[in-house]
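Written below as structure tokens is the structure these notes are about.
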Amino acid sequence: LKIMSESKYVPERVLKKQNTAAKLRESDAAAKTALKAKRKQNRREVYNRAKKYAREYHLMERSEIAARRQAKEGGNFYIPAEP
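Pasting the structure below:
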């Protein structure tokens with residue numbers, strides 16, 4: 004038995020359990036922090052990728068509109084590309 008304070012004895016197994024729980028809390032906190040950082044980075048990457056695709060689709064749409072207008076100006080017909 005170990006002495007926790009002068010008037011209270013604590014069994015060694017209880018101290019071991021407390022130490023183990025403290026170590027687990029520390030490792031869980033570190034893992035949680037790392038996971039949080041990783042998720043934040045993934046969110047940034049997904050957002051930037053979506054932004055890139057939105058820009059790409061917007062430019063495609065605008066070029067198609069410009070081609071349609073140009074054809075109409077010249078008295079021609081614009082036939083969009085088939086997917």
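In terms of the numbering used here, the sequence shown opens at residue 4 and continues consecutively. For every residue, glycine included, the Cβ atom is placed at its ideal position computed from N, Cα and C. Predicted model, so just to flag it, every value in this text is computed and none were measured.
Pair within 9 Å by beta-carbon distance, residue i and residue j
| i | j | result |
| --- | --- | --- |
| Tyr60 | Arg71 | no |
| Pro86 | Glu67 | no |
Residue i, DSSP secondary structure in three states
| i | result |
| --- | --- |
| Tyr81 | coil |
Residue i at chain C interface by Cβ criterion, 9 Å
| i | result |
| --- | --- |
| Ala33 | In the displayed structure, chain C is absent; only one protein chain is listed. |
Close Cβ partners of residue i (< 8 Å) along its chain, the five nearest in sequence each way excluded
| i | result |
| --- | --- |
| Ala74 | Phe80 and Tyr81 |
Own chain partners of residue i with C-beta closer than 6 Å, once the 5 adjacent residues on each side are dropped
| i | result |
| --- | --- |
| Lys55 | none |
| Arg16 | none |
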